[in-house]
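Following: one structure in structure tokens, then a few remarks.
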Amino acid sequence: MSSGEIIKISRPTKIELIRLRRRLVLARRLHRILRDRLTLLVQEFYVALRKAYELRAKLNKLLTEIYSSYYSSLRIHGYEYLDIVSGDTAIGVEVVAFTRNAMGVVVPMLELRGTYPSSVLLPIELYEVQLRRVEFLETVVLLAEYEKTLALLGTEIARTRRKVMMLEKVLIPRIIRTIAYLKMKFDEMEREEKVRMIRTKSFLERLRASQQL
Numbered sequence: 055m056s057s058g059e060i061i062k063i064s065r066p067t068k069i070e071l072i073r074l075r076r077r078l079v080l081a082r083r084l085h086r087i088l089r090d091r092l093t094l095l096v097q098e099f100y101v102a103l104r105k106a107y108e109l110r111a112k113l114n115k116l117l118t119e120i121y122s123s124y125y126s127s128l129r130i131h132g133y134e135y136l137d138i139v140s141g142d143t144a145i146g147v148e149v150v151a152f153t154r155n156a157m158g159v160v161v162p163m164l165e166l167r168g169t170y171p172s173s174v175l176l177p178i179e180l181y182e183v184q185l186r187r188v189e190f191l192e193t194v195v196l197l198a199e200y201e202k203t204l205a206l207l208g209t210e211i212a213r214t215r216r217k218v219m220m221l222e223k224v225l226i227p228r229i230i231r232t233i234a235y236l237k238m239k240f241d242e243m244e245r246e247e248k249v250r251m252i253r254t255k256s257f258l259e260r261l262r263a264s265q266q267l
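All residue numbers for the sequence shown refer to this note's numbering, where the first residue is 55 and numbers rise by one.
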């Protein structure tokens, strides 16, 4: 057994063996906790992924409808007229950021705040755009929230998976091999002690026999 396969120990003792057994129990407990956390993180990731996919599809649909209404109005009224009347409907919005805890990961919560004035001068074709713009902006903000959440959860999943694999493939097997190595050493020392005792006993018996002659 090479030294790289076991934990380096300066002196093999029974106390060290007890410590290693306790360390093995703790390592296995930590491995179980991290593995369970990894499972929950992956579940949270897929929930966010499904939501982001739905929001992306909704956003694409909204864009299609908005562009369709806009270009219909553009063909009828021209760009200059639309530019003039749409100036009265400029919106003032801000995105307010909060945070929440998702399985120990701090992820963003974004909220859209602002005013959305309308204009009676807008062509009827653009009323659909006017009605949909708030929904569009809210969808964009919510999609940004979930996509950032996906990135943060993905990073934490990768980090947790590395810890699980390190415990599972490196640390726990190394502790087990070290415990087996120490037990083998102690068995070997015990056998040597028995042989020594037998030899000592045999020597003393021969010594007593020679003294009786």
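We treat Cβ as the ideally placed atom computed from N, Cα and C, and that holds for glycine.
Burial state of residue i, where buried means 16 or more other Cβ atoms lie within 10 Å
i	result
Tyr200	buried
Ser123	buried
Ile229	buried
Tyr235	buried
Glu72	A small fix is needed here, since residue 72 is Ile in this sequence, not Glu. Looking at its Cβ environment, which holds fewer than 16 other Cβ atoms inside 10 Å, Ile72 is exposed.
Thr93	exposed
Leu207	buried
Asn244	The question names Asn, but residue 244 is Glu in the sequence shown. Flag for Glu244 reads exposed.
Ser127	buried
Glu37	Beyond the ends of the chain as shown, which are 55 and 267, falls residue 37; an answer cannot be given.
Thr209	exposed
C-alpha distance - residue i paired with residue j, whole-angstrom precision
i	j	result
Leu191	Arg110	13 Å
Val149	Leu221	42 Å
Leu271	Glu119	In this structure the chain extends from 55 to 267, so residue 271 is not present and cannot be described.
Val183	Val160	35 Å
Thr193	Lys105	11 Å
Leu116	Val195	14 Å
Asp90	Ile252	54 Å
Glu134	Tyr181	18 Å
Ser56	Thr232	A caution first: Ser56 carries a pLDDT of 47, below 50, which makes its placement in the model too unreliable to give a value.
His131	Asn114	26 Å
Ser64	Leu261	40 Å
Arg86	Ala212	17 Å
Lys217	Pro162	25 Å
Lys248	Ala263	22 Å
Glu242	Thr153	60 Å
When the options are compared against residue i, the one with the closest alpha-carbon
i	options	result
Thr203	Asp90, Met157 and Arg91	Met157
Leu197	Leu206, Asp90, Lys68 and Leu164	Leu164
Ile69	Glu244, Lys237 and Arg129	Lys237
Phe240	Thr67, Leu206, Arg213 and Arg187	Thr67
Arg187	Val249, Ser264, Lys112 and Ser64	Lys112
Ala102	Arg213, Glu247, Ala205 and Ile60	Ala205
Arg82	Met219, Ile61 and Asn155	Met219
One or two residues paired with residue i in a DSSP bridge
i	result
Arg167	Glu148
Ala212	None; Ala212 has no bridge partner.
Ala156	Val159
Looking at C-beta atoms only, is the number of pairs between the region 245-263 and the region 78-98 that lie closer than 8 Å three or more? Put simply, the region 245-263 does not touch the region 78-98. Fewer than three CB pairs are less than 8 Å apart.
Check whether the region 222-231 and the region 74-82 are in contact - that is, three or more C-beta pairs closer than 8 Å. Yes: the two stretches touch, three or more of their Cβ pairs being nearer than 8 Å.
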